């Protein structure tokens, strides 16, 4: 392979293997014959047709024998050390080892095979969930989970022997106990899961007096729908905290707002106080107006604690255009500004800072 040559199999038996150069029809006489030794389990080359007389393949070409299974054997250690390794790094590694540039698709397929060989396949992982969750309750008594399934259909027929994953909520009892000694503030957010089976990972976190992050609850759901957020928030109320006056910080997703407006779920004022992440507000603004400088001014506005400075800068901000004034005026100031956090329920937290936790969870 390092010589940029290939071969095809002429004969393959339990005790004999014969290969030739694919350019044999053009006069290249390279071939090799090997047999299994009767005295050991090793193979011995008995015939060799000398060096190739045909031209080497170009470095820019792929190699027919360099398939995803062979590549997987080269990269398994890399994937084991870093499951989130980029495909481009895999391509670079294979080029340095073999001298061939493999396609993105082939590298991606090799990575998926390595993940399966190291961590098990997707179906096995989902099948292990009930046992893993039960073990969680054994090592952390009082922990709670809710694993929901759908019926499994093959065509139009329901197969009673299988169940299909729908949703999962889980929380650790020690974390719930620790929340009693933290600020009465919970941050919620979600991220997409990328793999064979897609979904959304929702996370609720708190912070202690030193701003250390405390994970409270996790949910895997089908999407950021009203039903999914309602299910998450109701479980959060029932199984994590029923403390009144808790500040709940999130983005402005419609499903979150609708779920919080449902009094039965338990997150309406005065049971809780809903606030927004200022950077999500700014991101929504930039999506609408495509103005990075105004976006940065909006973030500074959100962090401004002094009321007269806030109004002075807000007036300048709104003078940029009537549309900007209408847009920001449509969001209640107590939802996004430090100035209007009169009761200090945000404890100075204007945005989320637990994306490193999300990335670690996704990578592992």
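In my numbering, the protein residues as written are 6 to 369.
Cβ atoms here follow ideal geometry from the backbone N, Cα and C, with glycine treated the same way.
Keep in mind the model is a prediction, meaning the values are calculated, not measured.
Taking C-alpha atoms, which residue in the options lies nearest to residue i?
i	options	result
residue 342	309, 290 and 138	309
residue 322	301, 311 and 340	301
residue 233	171, 100, 202 and 183	171
residue 113	330, 72, 202 and 291	72
residue 295	279, 43, 329 and 28	329
residue 269	135, 240, 131 and 166	240
residue 204	212, 151, 122 and 224	224
residue 197	228, 179, 271 and 214	228
residue 210	18, 191 and 245	191
residue 19	27, 46, 28 and 29	46
residue 235	248, 252, 250 and 267	267
residue 337	325, 278 and 324	278
residue 152	81, 144, 131 and 160	131
residue 54	216, 26 and 349	26
residue 189	195, 177 and 248	248
residue 178	213, 142, 102 and 22	142
residue 238	331, 276 and 13	276
residue 218	354, 48, 93 and 57	354
residue 123	40, 311, 81 and 307	81
residue 148	317, 176 and 272	176
residue 288	165, 258 and 163	258
residue 290	274, 331 and 317	331
residue 11	56, 182, 43 and 163	56
residue 316	344, 100, 335 and 340	344
residue 40	16, 29 and 216	16
residue 246	272, 43 and 129	272
residue 28	161, 14, 22 and 21	14
residue 250	324, 22, 312 and 349	349
residue 346	182, 306 and 261	306
DSSP has residue i in a bridge; who is on the other side?
i	result
residue 37	24 and 53
residue 280	254
residue 149	176
residue 162	159
residue 16	23
residue 351	Residue 351 is not bridged to any residue.
residue 170	154
residue 48	41
Going by the CB atoms, is the gap between residue j and residue i shorter than 8 angstroms?
i	j	result
residue 356	residue 293	no
residue 24	residue 36	yes
residue 222	residue 174	yes
residue 231	residue 264	yes
residue 118	residue 74	yes
residue 115	residue 76	yes
residue 243	residue 226	no
residue 255	residue 333	no
residue 146	residue 180	no
residue 139	residue 154	no
residue 59	residue 31	yes
residue 303	residue 314	no
residue 187	residue 212	yes
residue 200	residue 127	yes
residue 79	residue 102	yes
residue 84	residue 120	yes
residue 351	residue 280	yes
Mind checking if residue i is an interface residue toward chain D, Cβ cutoff 8 angstroms exclusive?
i	result
residue 188	In the structure shown, chain D cannot be found, because there is only a single protein chain.
On the DSSP letters alone, give me the boundaries of the beta strand (DSSP E) that residue i sits inside.
i	result
residue 193	190 to 198
residue 109	Per DSSP, residue 109 belongs to no beta strand (DSSP E); it is in the alpha helix (DSSP H), 109 to 124.
Along the alpha helix (DSSP H) that carries residue i, what are the first and last residues, could you check?
i	result
residue 133	127 to 144
residue 93	92 to 103
residue 76	73 to 86
Inset, instruction - Starting from the N-terminal side, write out each stretch of the alpha helix (DSSP H) that is 4 residues or longer and does not extend beyond the stretch 287 to 340. - result: Whole alpha helix (DSSP H) segments, 4+ residues: 297 to 308, 312 to 323 and 327 to 334.
Legend entry - Residue ranges of each alpha helix (DSSP H) within the stretch 205 to 261, 4 or longer: The DSSP assignment places complete alpha helix (DSSP H) segments of no fewer than 4 residues inside the stretch 205 to 261 at 231 to 244, in order along the chain.
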